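First to last, the protein sequences are chains P, R and F.
Numbered according to the numbering used here, the first sequence spans residues 44 to 310.
Numbered according to the numbering used here, the second sequence spans residues 44 to 310.
Numbered according to the numbering used here, the third sequence spans residues 44 to 310.
Down below is the structure, laid out as structure tokens.
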Amino acid sequence: MNFSLTQIPERTQKPRNAGITMVMDKGLSIREAENTAETGAEYIDIIKLGFGTSMVTPRLKDKISVYRNAGIPVYLGGTLFEAFYVRNMLDAYQSLLDDLGLRHLEISDGSIDIPSDEKCELIRRFAKNYKVLSEVGSKDTEKIIPPYKWIEMMNAEIEAGSWKVIAEARESGTVGIFRGSGEVRSGLVEEILTKISQEDIIWEAPKKAQQVWFIKLYGCNVSLGNIAPNEILALEALRIGLRGDSFTFFLDGEHPKPGRKPGDLRI
Amino acid sequence: MNFSLTQIPERTQKPRNAGITMVMDKGLSIREAENTAETGAEYIDIIKLGFGTSMVTPRLKDKISVYRNAGIPVYLGGTLFEAFYVRNMLDAYQSLLDDLGLRHLEISDGSIDIPSDEKCELIRRFAKNYKVLSEVGSKDTEKIIPPYKWIEMMNAEIEAGSWKVIAEARESGTVGIFRGSGEVRSGLVEEILTKISQEDIIWEAPKKAQQVWFIKLYGCNVSLGNIAPNEILALEALRIGLRGDSFTFFLDGEHPKPGRKPGDLRI
Amino acid sequence: MNFSLTQIPERTQKPRNAGITMVMDKGLSIREAENTAETGAEYIDIIKLGFGTSMVTPRLKDKISVYRNAGIPVYLGGTLFEAFYVRNMLDAYQSLLDDLGLRHLEISDGSIDIPSDEKCELIRRFAKNYKVLSEVGSKDTEKIIPPYKWIEMMNAEIEAGSWKVIAEARESGTVGIFRGSGEVRSGLVEEILTKISQEDIIWEAPKKAQQVWFIKLYGCNVSLGNIAPNEILALEALRIGLRGDSFTFFLDGEHPKPGRKPGDLRI
């Protein structure tokens with residue numbers, strides 16, 4: 044922090060288990076990756092090379108090194124995992140991870156259906172040697188999964204060895220835990236949290252209004268994903284109440300009276 | 044200018060009193076700040092480090108130096124001012140400005156209510172040692188301020204010593220002088236300009252359609268704010284009639300006849 | 044490609060006649076242009092300096108050199124051509140092209156009306172010494188051109204010597220071949236393609252949903268334009284079926300069954 048202010052909520056520090064910021068790199072150049080690493084070294088907990096961009100990225104290993112040297116682990120988008128899975132090429136996928144020196148992977152079924160038992164079996168297999176982020180939720184806007192099913196799947200995947208479960212929203216923030224308009228399915232999120240621990244979930248929340256909703260309800264140390272590289276400091280300011288949208292969330296409201304009501308929940 | 048064209052409106056030159064472009068940096072890295080300074084040295088009149096991002100920006104002083112060395116003054120977002128104000132820490136805020144070597148500050152009440160008298164008192168206090176940009180308008184979409192009140196506040200703040208008054212719109216361009224849809228409250232703007240000089244106002248106008256509206260009605264040398272760093276040259280081209288949206292604004296319409304009607308007002 | 048996968052459609056290689064990616068630079072700095080060139084050397088076929096930004100770009104010649112050295116030809120936005128045309132300064136325009144060492148130009152009438160005969164005459168004139176990209180379609184949302192007229196114009200312009208015709212959509216993707224909502228005028232596109240060869244057309248398609256539509260129907264080697272510099276690798280992944288939206292387009296659907304139907308057309 045560059046200066047002191049009272050009534051600033053305390054952020055967790057790296058390596059974080061809660062309050063994670065997961066960033067999506069969908070095609071940065073080496074120098075742009077360096078920019079992101081410089082700005083975000085303290086704030087980014089993990090970076091995803093979005094969907095299958097890693098296949099067409101020039102100097103891929105150099106980019107991974109840039110992030111690794113800044114203390115930011117890298118993983119490949121779940122869509123790439125699914126592309127290898129659907130082609131019956133998971134051994135090749137594992138070799139690729141090792142060749143790239145990656146220690147994390149995403150296991151998802153956003154574009155295809157993998158039976159729950161098989162998905163958990165895959166999580167068990169990879170969890171022996173990697174940190175697994177498993178994603179729940181479809182990329183298909185038409186496919187509405189009822190809350191009890193979200194809970195069942197998340198529970199089973201955590202039990203199978205997932206380090207974190209990711210709640211799907213896409214880069215657009217318009218599927219999974221969000222409506223097509225981007226609005227949060229708040230009943231769904233609340234019901235999930237009656238059964239699953241907040242610390243086990245990363246919520247994909249690419250839009251500011253979505254981030255505000257999560258921070259207001261669950262405090263500054265909620266784990267958020269699919270953050271754009273140029274939004275890292277903006278999100279960090281939002282988390283600690285230094286953006287208009289979250290200005291009153293962490294104030295005690297004593298003096299002077301702010302114009303808005305503080306959020307109901309503090310961290 | 045890299046080449047000559049007739050019928051190009053004359054832009055003011057730095058240091059500008061009218062035709063100001065105020066840019067919002069909400070988390071650029073040092074190298075991105077250098078990119079912005081290189082592209083925008085001639086065109087950017089002042090840069091705002093958006094809301095409270097300056098608290099969490101790595102190498103903050105280096106970034107400020109990059110802009111200063113390019114002849115671009117820096118100020119901190121009004122939300123940060125409000126965060127110090129609401130915590131009764133304005134002396135610490137002033138020390139911060141001095142420590143960072145800043146000569147400009149924003150005094151706003153977008154997230155809180157400051158009684159008009161007190162706000163003007165603050166403007167008077169800081170105007171002794173700094174150039175004050177004071178912002179009028181709430182960040183709250185629900186809070187509709189009637190035109191006479193905008194005029195009253197702007198007048199009082201200019202009289203108290205504000206260098207410029209900023210008409211609030213946020214980064215999103217959906218509050219204050221704009222409707223939730225981003226459309227200009229044109230009646231409000233027109234009424235304000237019956238009483239306040241165009242040169243005293245910076246209009247926050249982050250969206251292209253908003254910039255077009257102001258340039259069409261008030262010419263290329265209208266002062267616009269909350270411009271994104273990657274829109275600087277695009278705005279400059281728009282200002283001088285070299286984008287589709289403003290193509291006919293400055294043509295005399297003699298030969299050959301363009302397909303659209305020129306704007307009603309020229310600079 | 045950084046690794047192998049089966050069932051990946053074969054992309055054309057540079058210099059491409061089909062499967063072109065045309066990128067719009069609307070104000071990058073030199074270093075950002077270098078970033079774009081590094082990432083996109085294999086994927087970008089041509090770069091447009093959007094509308095009239097080239098007039099106000101610092102170190103314009105250096106920027107053009109960056110792209111040229113990466114094997115990416117540059118041309119100036121059609122709006123700039125129209126600005127010279129409407130001022131009766133086309134000789135100066137030609138001198139400008141030569142001074143900048145450009146070998147491509149765009150001839151358009153998006154902001155003005157040029158009678159079809161005259162436009163073709165201009166194409167014939169410039170095609171002697173340059174590669175001409177001529178654009179069809181108005182930037183005016185109100186101006187609906189019927190399909191037969193699109194076909195007539197495209198045919199005439201190709202005959203006059205255009206290297207490619209560009210189907211207008213603007214940076215926003217909301218005019219010309221798209222509705223105001225950004226939705227594709229699919230009947231229009233299909234009718235055009237009954238008479239004009241796919242290889243002769245670059246479709247401006249700045250939005251992902253638009254790119255998906257073209258790739259789904261016409262395969263990975265459809266020519267797309269007005270791509271943002273930070274979307275180059277994302278588009279390339281989309282083209283080869285490695286993004287959720289195009290995941291099933293190129294799968295044979297044998298094993299295991301994907302959850303979605305493949306696109307109707309393959310390359």
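For each residue, glycine too, the CB sits at the ideal point set by N, CA and C.
Fair warning: this is a prediction, and the values are worked out from it, not measured in the lab.
The contact set of ARG213 of chain F on chain R, defined by CB atoms closer than 8 Å, consists of GLY287 in chain order.
Taking a cut-off of 8 Å for Cβ pairs, the region 51 to 58 of chain P and the region 76 to 83 of chain P do not touch, as fewer than three such pairs fall below it. Nearest to LEU92 of chain P by C-alpha distance, out of P:PRO249, P:ALA76, P:LEU278, is P:ALA76. For GLY95 of chain F, no pairing in a beta bridge is given by DSSP.
By the beta-carbon neighbour count (other beta carbons within 10 angstroms, threshold 16), ASP152 of chain P is buried. Residue contact with chain P for THR96 of chain R: present (Cβ-Cβ distance below 9 Å to some residue of chain P). Taken in chain order, the unbroken stretches of beta strand (DSSP E) that lie wholly in the region 54 to 86 of chain R and span 3 residues or more are 64 to 68. Residues of chain F whose Cβ lies closer than 7 Å to the Cβ of GLY153 of chain P are, in chain order, GLY287.
Per DSSP, SER177 of chain P is one residue of the beta strand (DSSP E) stretching across 174 to 179.
Distance from GLY287 of chain R to ARG213 of chain F at the Cβ level is roughly 7 Å; contact confirmed, criterion being Cβ atoms closer than 8 Å. Along the region 239 to 262 of chain P, the positions whose C-beta sits under 9 Å from a C-beta of chain R are LYS251, read in chain order.
Restricting attention to alpha helix (DSSP H) runs no shorter than 4 residues, the region 261 to 294 of chain F encloses them at 275 to 282, ordered along the chain. Listed in chain order, the alpha helix (DSSP H) runs fully inside the region 156 to 226 of chain P are 159 to 170, 190 to 203, counting runs of at least 4 residues.
For GLU247 of chain R, the enclosing beta strand (DSSP E) stretches over residues 244 to 247. Using a CB distance cut-off of 9 Å, SER47 of chain R counts as an interface residue toward chain F.
Contact between the region 109 to 120 of chain P and the region 120 to 131 of chain R is not established, with fewer than three Cβ pairs separated by less than 8 Å. If you check the CB distance, MET197 of chain F and LYS162 of chain F do not come in under 9 Å. In the DSSP secondary-structure assignment, ILE150 of chain R is bridged to R:SER177. ALA61 of chain R and GLN50 of chain P have their alpha carbons spaced roughly 39 Å apart.
Here the C-alpha atom of GLY262 of chain F lies approximately 8 Å from the C-alpha atom of ARG282 of chain F. Cβ neighbours of ASP105 of chain F within its own chain (closer than 6 Å, five residues either side excluded): ILE73.
In this model, TRP246 of chain R and ILE63 of chain R are separated by some 10 Å (Cα to Cα). Taking 8 Å as the cut-off between beta carbons, the residues of the region 59 to 92 of chain R near chain F are ARG74, GLU77, ASN78, THR79, GLU81, THR82, ALA84, GLU85, TYR86, in sequence order. With contacts defined as CB atoms closer than 9 Å, LEU140 of chain P and VAL175 of chain P fail to qualify as a contacting pair.
LEU119 of chain R sits in a strand when the DSSP states are folded into three classes. Inclusion of ILE150 of chain R and SER205 of chain R in the CB contact set at 9 Å is warranted, their separation being smaller than that value.
A straight line joining the alpha-carbon of SER266 of chain R with that of ASP243 of chain R spans about 9 Å. MET132 of chain F belongs to the set of residues whose beta carbon lies under 9 Å from a beta carbon in chain R. The residue among P:ILE107, P:GLY144, P:SER154, P:PRO116 with its C-alpha nearest the C-alpha of LEU123 of chain P is P:SER154. If you compare the alpha carbons of F:GLY216, F:LEU260, F:LYS207, F:ILE194 with that of LEU231 of chain F, the shortest gap goes to F:ILE194. ILE283 of chain R belongs to the set of residues whose beta carbon lies under 9 Å from a beta carbon in chain F.
ARG102 of chain R has its alpha-carbon roughly 41 Å from the corresponding atom of VAL255 of chain F. Nearest C-alpha to TYR173 of chain R among R:LYS182, R:LEU145, R:LYS186: R:LEU145.
Per DSSP, reduced to three states, the secondary structure at ILE107 of chain R is helical. The C-alpha of ILE270 of chain P is placed about 16 Å away from the C-alpha of ILE220 of chain P. At a Cβ-Cβ threshold of 9 Å, LYS69 of chain P and GLU85 of chain F do not count as neighbours.
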